[in-house]
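Visitor: Quick one: this structure, given as structure tokens, is what I'll be asking you about.
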């Protein structure tokens with residue numbers, strides 16, 4: 001009975017090391033399906049892309065993919081065995097080293113431990129020139145106390161679990177050239193809840209010589225009122241907005257590449273009139289971030305290290321659009337995805353295990369299909385006017401007659417009154433239209449999202465620069 005669990009663990013490790021192996025994702029999904037973990041299975045099937053459809057809809061014998069799974073598991077087992085052998089070898093070498101190195105306190109040594117260590121440390125300095133002979137002075141602390149970077153992690157303080165800060169500031173103090181402000185996200189089930197007004201949990205500041213200063217801002221755990229809390233909160237609000245803009249742009253560039261086979265040469269390539277409206281509009285932040293994000297996606301596609309993350313995790317001035325983010329990279333590292341939960345009438349925008357938005361939606365009960373889709377059309381005024389049956393915005397799913405759209409029956413949002421489509425309020429659908437690009441994957445499932453609504457007062461909005469209506473068609477979705 002334990003074999004499927006073991007298989008899923010090895011397959012999980014395999015796809016973590018080979019995230020582009022779509023067959024690996026498919027096989028991991030099949031293992032989760034056997035275990036009854038359907039939410040995880042659906043996620044894996046979505047990551048597998050066309051592999052899922054090819055195997056589930058074809059008459060291909062099951063022993064073919066089972067043989068492939070066996071080979072993947074064999075590779076994972078062999079890698080695990082090599083790792084164990086390596087660890088054992090290192091332990092043996094350490095024991096041998098301890099056996100042959102005499103103790104500094106052993107009889108006949110004639111020195112205390114402190115003296116022996118001091119002599120060992122200074123041995124290499126005997127032949128070096130002194131300061132008057134041109135020796136450089138010790139490196140000064142290059143920390144800039146006015147420089148603030150941000151990141152976000154699970155609430156509860158450092159080490160609370162969940163999303164960890166990478167690279168770790170306590171083990172990479174040399175990378176922190178300023179102050180790191182850590183915002184805290186609430187945990188809901190397996191999800192972390194993002195927000196525009198995330199509370200400030202604590203700050204870390206480089207004090208030089210490997211020392212860090214930790215300042216808590218959580219009134220529940222710290223009886224303190226730091227004087228700069230309001231200033232940092234204002235900066236944090238601006239930073240969270242920038243991360244949402246970068247998440248949209250990063251997702252759009254990836255979707256464009258996946259669908260066209262090439263990269264957009266300029267931001268305008270994503271802003272063409274319908275049906276080439278990959279994004280609905282721009283912001284000043286998106287204009288600034290386009291080239292850095294494009295270079296990052298190109299580097300990822302080539303299997304290279306992104307240019308802005310080399311030796312500058314603490315926020316180098318050259319990092320440009322990412323200089324405010326710990327690691328000199330976008331905070332959201334996975335493309336945006338839409339998840340619809342039929343069980344509680346919710347639609348979420350997610351990146352990995354973080355939920356950026358969680359809206360109330362109207363559905364059609366059993367008429368709303370479950371499965372994986374992609375936003376193929378993004379159209380304004382799908383009925384030819386903003387107050388039509390489908391409201392002011394519509395996003396068609398994979399060329400079907402199903403769509404995510406507005407409605408002229410706002411009371412139906414939260415109920416099962418549609419013929420299968422996903423209905424949203426005017427404000428929600430207009431924000432979603434601006435927030436996700438064409439090509440966004442959509443998963444419709446049950447029991448995968450929390451009930452808590454996640455909608456900010458300050459709606460995400462871009463400045464529209466192109467015509468996004470389709471004058472050649474009036475849509476008749478279900």
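In full-length UniProt numbering, the protein residues as written are 1 to 478.
Glycine is no exception: its CB is placed at the ideal position from the N, C-alpha and C atoms.
Note that the coordinates shown come from a computational prediction; the quantities given were computed from them, not determined experimentally.
Determine the direct distance from the alpha carbon of residue 176 to that of residue 316, and round the result to whole angstroms.
Guide: Unreliable positioning characterises residue 316 in this predicted model, as indicated by a pLDDT of 44, which lies under 50. The coordinate reading is nonetheless provided below. Looking at the two C-alpha atoms, the distance is approximately 10 Å.
Visitor: From residue 350 to residue 206, what distance separates their C-alpha atoms?
Guide: Rounded to whole angstroms, residue 350 to residue 206 spans 33 Å at the Cα level.
Visitor: Residue range of the beta strand (DSSP E) that residue 441 falls in?
Guide: Residues 441-445.
Visitor: Using the Cβ count rule (16 or more neighbours within 10 Å means buried), how would you classify residue 385?
Guide: Residue 385 comes out exposed.
Visitor: Using beta-carbon positions only, say whether residue 289 and residue 244 come within less than 9 Å of one another.
Guide: It is not a contact, given that the beta carbons lie outside the stated cut-off.
Visitor: From the DSSP output, in three-state form, read off residue 256 for me.
Guide: The answer is helix: DSSP assigns residue 256 an H, G or I state.
Visitor: Quick check: the Cα distance between residue 399 and residue 436, rounded to an integer number of angstroms?
Guide: Roughly 17 Å between the two C-alpha positions.
Visitor: Starting from residue 372 and walking both ways along the beta strand (DSSP E), at which residues does that stretch end?
Guide: Looking at the DSSP string, the run of the beta strand (DSSP E) that includes residue 372 is 371-380.
Visitor: Determine, using beta carbons only, whether residue 397 and residue 374 come nearer to each other than 9 Å.
Guide: A contact, by the Cβ cut-off of 9 Å.
Visitor: For the stretch 251-263 and the stretch 360-369, state whether three or more C-beta atom pairs, one from each stretch, are separated by less than 8 Å.
Guide: Contact between the stretch 251-263 and the stretch 360-369 is absent, because fewer than three Cβ pairs lie under 8 Å.
Visitor: Secondary structure at residue 28, three-state DSSP: helix, strand or coil?
Guide: In this structure, residue 28 counts as helix in the three-state DSSP scheme.
Visitor: Can residue 251 and residue 468 be called in contact, C-beta distance under 9 Å?
Guide: Going by C-beta atoms, residue 251 is not nearer than 9 Å to residue 468.
Visitor: For residue 346, collect the residues of the same chain with a Cβ closer than 6 Å to its Cβ; drop the 5 residues on either side in sequence, then sort them by chain order.
Guide: 358 and 449.
Visitor: Can you tell me where the alpha helix (DSSP H) holding residue 357 begins and where it ends?
Guide: Residue 357 -> not in any alpha helix (DSSP H); beta strand (DSSP E) instead, spanning 354-360.
Visitor: Measuring straight from C-alpha to C-alpha, what distance separates residue 152 and residue 185?
Guide: So the alpha carbons of these two residues sit roughly 7 Å apart.
Visitor: To the nearest angstrom, report how far apart residue 202 and residue 332 are at their CA atoms.
Guide: Approximately 20 Å, taken between the alpha carbons.
Visitor: Quick check on residue 479: does DSSP put it in helix, strand or coil?
Guide: With the chain covering 1 to 478 only, the question about residue 479 has no answer from this structure.
Visitor: Whose C-alpha, out of 392, 444 and 417, is nearest the C-alpha of residue 428?
Guide: That would be 392, whose Cα lies nearest to the Cα of residue 428.
Visitor: Keeping to the same chain, check which residues put their C-beta closer than 6 Å to that of residue 470; ignore five residues upstream and five downstream.
Guide: So the qualifying residues of the chain are 274 and 379.
Visitor: Which residues in the same chain as residue 387 place their Cβ atom closer than 7 Å to its Cβ, once the five residues preceding and following it in sequence are excluded?
Guide: Contacts found: 408.
Visitor: Helix, strand or coil for residue 328, going by three-state DSSP, please let me know.
Guide: Correct three-state label for residue 328: coil.
Visitor: I think residue 352 touches residue 334, with their Cβ atoms under 8 Å apart; what is that distance to the nearest whole Å?
Guide: With 8 Å as the limit, residue 352 and residue 334 qualify as a contact, their Cβ atoms being about 4 Å apart.
Visitor: Can you grab the Cα-Cα spacing for the pair residue 286 / residue 461, in whole Å?
Guide: Rounded to whole angstroms, residue 286 to residue 461 spans 12 Å at the Cα level.
Visitor: Classify residue 184 as helix, strand or coil using the three-state DSSP reduction.
Guide: Reduced to three states, the DSSP call for residue 184 is strand.
Visitor: Can you tell me whether residue 261 is buried or exposed? The criterion is at least 16 other CB atoms within 10 Å of its CB, across all chains shown.
Guide: Residue 261 is exposed by the Cβ-count criterion.
Visitor: Tell me whether residue 453 is buried or exposed, calling it buried when 16 or more other Cβ atoms sit within 10 Å of its Cβ.
Guide: With fewer than 16 Cβ atoms within 10 Å of its Cβ, residue 453 is classed as exposed.
Visitor: Give me the Cα-Cα distance between residue 155 and residue 477, rounded to the nearest whole angstrom.
Guide: When rounded, the distance between both Cα atoms is 42 Å.
Visitor: CB residue 340 to CB residue 182, shorter than 9 Å?
Guide: No, the pair does not count as a contact, with Cβ atoms beyond the cut-off.
Visitor: Counting only the same chain and skipping the five closest in sequence on each side, list residues whose C-beta sits under 8 Å from that of residue 199.
Guide: Closer than 8 Å at Cβ, skipping near neighbours: 155, 183, 184, 217 and 218.
Visitor: Do the CB positions of residue 342 and residue 445 come within less than 9 Å of each other?
Guide: Their beta carbons are under 9 Å apart, which means residue 342 touches residue 445 by this criterion.
Visitor: Among 304, 86 and 418, which has the Cα closest to the Cα of residue 366?
Guide: Ranking 304, 86 and 418 by Cα distance to residue 366 puts 418 first.
Visitor: Taking the straight line between their C-alpha atoms, what separation do you get for residue 188 and residue 432?
Guide: Between residue 188 and residue 432, the C-alpha separation is close to 22 Å.
Visitor: Measure how close the beta-carbons of residue 382 and residue 394 come, nearest whole angstrom, since I'm counting them as under 8 Å.
Guide: At roughly 4 Å, the Cβ-Cβ gap stays under 8 Å, so residue 382 and residue 394 are in contact.
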